[in-house]
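Undergrad:
Chains as they are written, first to last, in my numbering: chain A, 118 to 465; chain B, 118 to 465.
Written out as structure tokens, the structure reads:
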């Protein structure tokens, strides 16, 4: 039986296995520090499609296809797919995944969606409702600029606090113990890692309105979930090899470390942010870092799981962060609330 | 232990209780056939707010508040809230629910979202992850027209196959057996009904492109989930007092009944559609019927659960239907895929 810790957290008594995963990324990401680790990168960011939205759908489709192949399973072996993206009405997902004919739960948590999908996917398996599930999320620089900001042709200037939306998609095939055993028996290798805990975030709104500084808007949400997590799991920062936020960037990272220090937790030695890792800010002109649902997803698949597999890390807290704005809410002068979902991932 | 039936369906061995629920609706809905049954209706459709989006947020906030009060619980008694709406980046949800500080799973399934949220909420409780959860969805005629179609001031003409987006929100407080017992013991009454089965839908795309005939676009998805449900549960149409789709409207209803007949199931005697029930099409000029996440949600809370409570019905299949389009996908000439999630709801 699973263990509810407080109301936001769940300890999984048996790990839910990440059987395998895949990352597909764009050209700028391919030139970044993690470039050689992605399973697939595009020759250009259209991925052979006619529109940016179709290109983003293609990212999801390819990521799922590669992840299934690496895990040695077919689409019909999957009970549920938990998927989402940043576009209005999640159209990258709707047009990217229909060919798989897998029962779908659409999820939306802005750039925290990777964490949300892994949490729900793990719950569906730990609860005995599914043997295998897929979690997939994506973002695309150009479709996101069109959705949230200005036409690319304007050549709009961006402040140094702004982030650069990652073009990429990460897909994860989750499974129970039986699915893991069956994968091993068929010679398809070992699970990459296991999910052992979840802390679900709440909406945190500090009233910040600067959509060009989303790191600062999201940091209070990350701090809220992180504090809840430490309390619920009776853990401390040094219980984790890394505490990894999604896309706070350089500004948000400073805010988070300061806020946690005020709460009595020094996370400075273990904190890492996918948005900071994925680009070389100095040479790639990406300002505060990368962002988007795809940022944490491809970094988890390509880099974080690799560190766990190789034994460099034993246990991490993966904490994707989302900024809950739309262009309508921004134009109507609303604030930018944040949300962050935590998933404990361990070497198995 | 729960029972997985095939890969899309789940039979819950013990019902997940709908402890109580609430419906908040707009002025046109108040004048319709179900008008007297809603818990709250607005004096106008702004609900005291400055924008349509804020008004939709207020609908969700009020629906949750009334549902919690009717169930005799506080926000801090709730583990998770599963919530979504139709707007880009689900902003009605983000700005409507932040005040409750409840860990949030944002969901998106277009107008099927009420079914999706009930499915995930029930799974979170049946899996032992939560004792109580809230599921809430909303739509608003004016915010939806702005999001998907034309400025209201254009007075755009609509074909007879078009539906009218319902202004409304429905919220449901789910609980396990202990929560139900505790509600009874505190004199707060009995659960309204129980969720006993789930069939999760997949994306179904017949290539239809007419966003003014969403009933026809969604009917194939409803037929797909319904057939899957009958096979997985080894059931027949007459095992249900009603099979209730969300917002197919009059055109979609005919398509669904015909498609099911071709599959060998005659559902004509038991089929009902929330979109047809909520308005008087002849006098209210709503053409094919009502639609939107709020349509099935308020009809479930105000009308369907009442029939189950009063014993007029014993068992229904609630099957909200969603059209997975955005204005971008429409403008780019894409089709309108559909999805439908089924939830078995029984008298307890």
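Glycine residues also receive a C-beta, built at the ideal position from the N, C-alpha and C atoms.
Find the nearest neighbour of residue 294(A) within the set 239(A), 153(A), 121(A), judged by alpha-carbon distance.
TA: Looking at the Cα atoms, 239(A) is the closest of the given residues.
Undergrad: Can you give me the Cβ contacts of residue 411(B) inside the same chain, cut-off strictly under 6 Å, excluding the 5 residues immediately before and after it?
TA: Closer than 6 Å at Cβ, skipping near neighbours: 255, 256, 283, 285, 286.
Undergrad: Pull the bridge partners of residue 463(B) from the DSSP assignment, please.
TA: Its beta-bridge partners are 311(B), 432(B).
Undergrad: Could you tell me which of 437(A), 398(A), 211(A) sits nearest to residue 338(A), measuring between CA atoms?
TA: Among 437(A), 398(A), 211(A), the Cα nearest to that of residue 338(A) belongs to 437(A).
Undergrad: Which same chain residues end up closer than 7 Å to residue 422(A) when comparing Cβ atoms and leaving out the 5 residues on each side of it in sequence?
TA: Taken in chain order, the residues that qualify are 135, 138, 309, 310.
Undergrad: Whose C-alpha, out of 207(A), 219(A), 418(A), 371(A), is nearest the C-alpha of residue 445(B)?
TA: The shortest Cα separation from residue 445(B) among 207(A), 219(A), 418(A), 371(A) belongs to 207(A).
Undergrad: Consider the Cβ of residue 225(B): report whether some Cβ of chain A lies at a distance smaller than 7 Å.
TA: Yes, residue 225(B) counts as interfacial toward chain A.
Undergrad: What are the complete beta strand (DSSP E) segments, minimum 3 residues, inside the segment 192 to 270 of chain A?
TA: Listed in chain order, they are 197 to 201, 221 to 223, 249 to 256.
Undergrad: Quick check on the DSSP output: the beta strand (DSSP E) that includes residue 439(A) runs from which residue to which?
TA: 438 to 440 is the span of the beta strand (DSSP E), which, as asked, contains residue 439(A).
Undergrad: Just to confirm my understanding: we take residue 125(A), look at its own chain, exclude 5 residues before and 5 after, and list those with CB closer than 6 Å. What are they?
TA: Closer than 6 Å at Cβ, skipping near neighbours: 316, 317, 345.
Undergrad: So what does residue 157(B) bridge to, in DSSP terms?
TA: Answer is 141(B).
Undergrad: How should residue 298(B) be labelled, buried or exposed, when 16 other C-beta atoms within 10 angstroms of its C-beta is the threshold for buried?
TA: It is exposed - the Cβ of residue 298(B) has fewer than 16 other Cβ atoms within 10 Å.
Undergrad: Buried or exposed, going by whether 16 or more other CB atoms sit within 10 Å of the CB of residue 271(B)?
TA: Residue 271(B) comes out exposed.
Undergrad: In chain B, what lies closer than 7 Å to residue 207(A) by C-beta?
TA: 225, listed in chain order.
Undergrad: According to DSSP, is residue 420(B) helix, strand or coil?
TA: Correct three-state label for residue 420(B): helix.
Undergrad: For the segment 373 to 384 of chain A and the segment 395 to 414 of chain A, state whether three or more C-beta atom pairs, one from each stretch, are separated by less than 8 Å.
TA: These segments do not touch.
Undergrad: Mind checking residue 170(B): buried by the 16 CB within 10 Å criterion, or exposed?
TA: Classification of residue 170(B): buried, given that the 10 Å Cβ count is 16 or more.
Undergrad: Can you name the start and end residues of the beta strand (DSSP E) that residue 272(B) belongs to?
TA: It is not in any beta strand (DSSP E) - residue 272(B) carries neither H nor E in the DSSP assignment.
Undergrad: Is the CB of residue 270(A) under 7 Å away from at least one CB in chain B?
TA: It does not; no Cβ of chain B falls within 7 Å.
Undergrad: By how many angstroms is the C-alpha of residue 130(A) removed from the C-alpha of residue 350(A)?
TA: Taking the straight line joining both Cα atoms gives about 13 Å.
Undergrad: Would you mind stating whether residue 133(A) and residue 243(A) have Cβ atoms separated by less than 7 Å?
TA: Yes, the pair counts as a contact, with Cβ atoms nearer than the cut-off.
Undergrad: Output, in sequence order along the chain, the residues in the segment 377 to 391 of chain A whose CB is closer than 7 Å to any CB in chain B.
TA: Listed by position, the residues of the segment 377 to 391 of chain A near chain B (Cβ gap below 7 Å) amount to none.
Undergrad: Who are residue 345(A)'s beta bridge partners in DSSP?
TA: Per DSSP, none; premise fails for residue 345(A).
Undergrad: Which residue wins for smallest C-alpha separation from residue 428(B), given the options 167(B), 128(B), 465(B), 267(B)?
TA: The option with the nearest alpha carbon to residue 428(B) is 465(B).
Undergrad: Should residue 460(B) go down as buried or exposed, given a rule of 16 or more other Cβ atoms within 10 Å for buried?
TA: Buried: at least 16 other Cβ atoms inside 10 Å.
Undergrad: What residue from 148(B), 392(B), 145(B), 149(B) has the CA that sits closest to residue 280(B)'s CA?
TA: Minimum Cα distance to residue 280(B) is reached at 392(B).
Undergrad: Using C-beta distances below 8 Å, list every residue in its chain close to residue 160(B), excluding the 5 sequence neighbours before and after it, in chain order.
TA: Hits under 8 Å: 144.
Undergrad: Assign residue 333(A) to one of two classes, buried (16 or more other C-beta atoms within 10 Å of its C-beta) or exposed (fewer than that).
TA: Classification of residue 333(A): buried, given that the 10 Å Cβ count is 16 or more.
Undergrad: Is there at least one Cβ from chain B nearer than 7 Å to residue 220(A)'s Cβ?
TA: Yes, residue 220(A) counts as interfacial toward chain B.
Undergrad: Give, in chain order, every unbroken run of the alpha helix (DSSP H) that is at least 4 residues long and sits entirely within the segment 351 to 379 of chain A.
TA: Here the runs fully enclosed are 366 to 379.
Undergrad: Classify residue 450(A) as helix, strand or coil using the three-state DSSP reduction.
TA: Residue 450(A): coil per DSSP, three-state reduction.
Undergrad: Is residue 322(A) a contact residue of the ligand SAM, with contact defined as CB to any heavy atom under 6 Å?
TA: Inclusion of the ligand SAM in the displayed structure is not the case, the ligand content being empty and no account of it being possible.
Undergrad: Pull up the distance between the alpha-carbon of residue 128(A) and that of residue 313(A), whole angstroms please.
TA: Cα to Cα, the separation comes out at about 6 Å.
Undergrad: At the 7 Å Cβ level, is residue 322(A) part of the contact set with chain B, yes or no?
TA: Yes, residue 322(A) counts as interfacial toward chain B.
Undergrad: Which residues in the same chain have their Cβ closer than 6 Å to the Cβ of residue 123(A), if we skip the five residues on either side of it in sequence?
TA: Closer than 6 Å at the Cβ level, and outside the excluded window around residue 123(A), lie 349.
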